[in-house]
Structure formats: structure tokens, C-alpha cells
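Numbering (our numbering), first residue to last: 84 to 444. Quick reminder that beta carbons are idealized off the backbone N, C-alpha and C, glycines included.
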Ligand SMILES: Nc1ncnc2c1ncn2[C@@H]1O[C@H](COP(=O)(O)OP(=O)(O)OP(=O)(O)O)[C@@H](O)[C@H]1O
Ligand SMILES: [Mg+2]
């Protein structure tokens, strides 16, 4: 295993900048997920690490060796592609065992190792079949097995579970997590599924327009988004982002005309940088708002707009003036539709963002 370092990497395709000045270090044995919307540069970043693309600017190191311009075969990397890339004329056994064959491993040893990995991935009884004779999900697992069969220094995964059904996906996710914890693989894992990134990764890099918007432990990224893009991208439903007005003289931050918080109690956090005006956004997650049917100190009035049962909890969308605020309620009973209720934000879990969408702190 080895660490990976990206230093100020930029990759352009003609006019389009697919990866824009990305710096990222993945420690030895660390599992980092690249998470972001379609087209944000996740696959390109992975292909740069693999050597399938060469950056316009910046350096890439694997271990302590610079590999920026080395071809893929000189990088000791195993990659699982979005589109499996299995050889159609070969059996799964030969496909999965291919990396061992090219390294001169004897057939009996190869078969034993392939069987071990394939059994873990529940395709052990399909090894005599060709890719065309198994399902898409089984092909995908064969592709994962091929990456795992030899001990590469670095594993790169490009949405390896995206074609599996929900149940298999959870099982395969558990297997990958187990593998990560047991073997401590150094891995970069591309996904646009935030739940998968949260579940698997030691750290998540959230990307947008070729840039890393935030890099951190999954719970830090979830709890304390560094900007409104991350706040809106992570969480289901995402963080409420509420346009607020700052009134310095009154010492208040107002949302739809009502006081949501007193600046005085938060002066340490953002008092000094606040200015009068309407260019502040308040972020609070739906689970960090309490609902009550009577007014309590520090609460704001609202009206129940939509109620969605989610099984163990409720999603209650409330209306405050012209804005909607989502609340997750973990209780047996939900309020009534159109009921007047009071919302109280957990101020320790409430954040302010400036006009550029960056966290004030
Ligand atoms: N070979 C290429 N030539 C030209 N443009 C490319 C090429 N590869 C990628 N791009 C563009 O670069 C941008 C980033 O693409 P990339 O495949 O890295 O996105 P992604 O984050 O993996 O998206 P998805 O989630 O849809 O797979 C996109 O706008 C894409 O169209
Ligand atoms: Mg992609």
C-alpha cells in the first residue's frame, strides 16, 4: 500500500477545465471517496491517478515516486471501471485471474486466489461462465474481484456498485468496508451516492465544477458543511438554506421578518464579520429543528405544509412566510396539516454562510 498525492492538478479538454487545481493527499491505507454531481470531474481525477490521462498542470505521486507522466502499467494500480471492462471471450475465472496471469502466477495458485475472492463476492459458482452469460450486477462484481485479486498498491473504484440492486449494493458495500478495515487498502472511490460515500470512506472530497469544495471526515462534512454547495448536496433531504437579514443595531438575525437568533450570543462565532443586509444564508439540518404546538422562547411561527411518513420518522415541511423549512421528526405522532407550529433551531448546529456561500466562522 502507498499514499497518493495530487499537487495542484489541472486537466483541460480543449476549452473545458474538467479538473481545476485539485490538491489531495490520500494516506497509506486510507479510503477517500470523491463525491459530486455528474460531470464534476470525478472520473477524470481517477483516470489521472491511474495514468489514463496526463494533467496539464501539477504533479502526482504514488508512494514517494512521481508518476505524473508514467504509463498506467508502471503505477501498480488496480482499477474498477464504471463499465466493467471484462473480456467477453474469456470466462470469469480467466477475467478475474488476468492480473495474476500477466504477473506469471501459476494456474493452480491463480485459481485458488480467484475462487477465494469470487466466493466473498458471491460469484464463486459462476467462474466457468463468460461475461455475456451472467447478469450486469454479476459482471460488476467480477470486475471488483479482478481488482482485488492481486495486491496492488492503490485501488481506484469508479462507481463500482451503481448497477447493483439495492440489496446487493448494501451487501457489496459491507464487503468493501470489511476489506478496507481488514486489509487497509489505499483507495479512491468515485460515487455520486452520498450514502455510499458516508458509509465507506475515511474522508470524503466533495467536488463541483472540477474543484474540491470540501475534504473531511464524513460526519464533519455532513454536520459542518464548508459552503452552501456541500450543504445542499449532502443530506436527504438536504440542509435548509434560509435567506436571512442581519440587523446589527438590533443585534438580530431575521428570517422572514422574525428573529431567528441574537447576534450577541454568537459574537464569538461570527459577530465581527457580520454586516447589515440581506446577503446572509442560515443553514440548519432538518433534524436540528424542534417543532412544538405552542410558542416557546426563541421559536418562530410556521404552518405545516406537507407531511411525509418515512417509516421510523416524519418529514414535515413547514411554511414560514414565503419560505419552506424541512423538519425531521423522530416521534410517533406528526402534527396536522395546516396546523400552526413553532420551530426552534438548535443553535449549536446552525451555521451562517456569506454571500459567496462560504461558512462564516
Ligand atoms: N475525453 C474527454 N474529452 C472531452 N471532455 C471530456 C472527456 N472526459 C471527460 N470530459 C468532460 O469533463 C468533465 C468531467 O467529466 P468526468 O467524466 O470526470 O465527470 P464525472 O464527475 O465522472 O461525471 P459522472 O458522475 O457523470 O460519471 C465533463 O464535462 C466531461 O464531459
Ligand atoms: Mg464518472
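Taking the Cβ atom as the reference point for each residue, do residue 410 and residue 403 lie within a distance shorter than 7 Å?
-> no
Nearest CA to the CA of residue 273: which residue from 84, 125, 100, 120?
-> 125
Would you kindly check if the distance between the Cβ of residue 239 and the Cβ of residue 133 is under 7 Å?
-> yes
Run the proximity test for residue 327: is its beta-carbon closer than 6 Å to any non-hydrogen atom belonging to ligand 1?
-> no
Enclosing alpha helix (DSSP H) for residue 177 [first to last residue] | 175 to 184
Using 8 Å as the Cβ pair cut-off and three pairs as the minimum, do the region 305 to 323 and the region 147 to 156 touch?
-> no
DSSP-derived helix/strand/coil call for residue 359 | coil
Grab the span of the beta strand (DSSP E) containing residue 299 for me, first residue to last.
-> 294 to 299
Secondary structure of residue 401, DSSP reduced to three states | strand
The beta strand (DSSP E) enclosing residue 162, as first and last residue numbers = 160 to 163
Please name the residue or residues paired with residue 365 in a DSSP beta bridge.
-> 325, 435
Could you check what DSSP says for residue 310 in three-state terms: helix, strand or coil?
-> strand
With ligand 2 as the reference, list in chain order each residue whose Cβ lies under 7 Å from any of its heavy atoms.
-> 125, 126, 165, 241, 242, 273
Residue 322 beta carbon less than 7 Å from that of residue 119 | no
Candidates 201, 143, 164, of which the one nearest residue 174 by Cα | 201
Enclosing beta strand (DSSP E) for residue 94 [first to last residue] | 87 to 96
Under 7 Å between the Cβ atoms of residue 382 and residue 427?
-> yes
As assigned by DSSP and simplified to three states, the class of residue 286 = strand
May I ask you to report which of helix, strand or coil DSSP gives residue 167?
-> coil
Between residue 121 and ligand 1, is the CB less than 6 Å from at least one heavy atom?
-> yes
Alpha-carbon to alpha-carbon, residue 384 and residue 377 = 9 Å
Assign residue 169 to buried or exposed, taking buried as 16 or more other Cβ atoms, counted over all protein chains shown, within 10 Å of its Cβ.
-> buried
Can you tell me which of the three DSSP states residue 391 falls into?
-> strand
By the 10 Å Cβ neighbour count, where 16 or more other Cβ atoms means buried, how is residue 192 classified, buried or exposed?
-> exposed
Does DSSP classify residue 228 as helix, strand or coil?
-> helix
Any non-hydrogen atom of ligand 4 within 6 Å of residue 275 CB = In the structure shown, ligand 4 is absent; the only ligands present are ligand 1 and ligand 2.
Below 8 Å on the Cβ atoms is my guess for residue 160 versus residue 235; work out the distance and round it to an integer in Å.
-> 6 Å
Which of helix, strand or coil does DSSP assign to residue 235?
-> coil
Might you give, ordered along the chain, the residues of its own chain that have their beta carbon closer than 7 Å to the beta carbon of residue 370, omitting 5 neighbours on each side?
-> 411
Kindly indicate which residue of 143, 138, 221 has the alpha-carbon position closest to the one of residue 158.
-> 143
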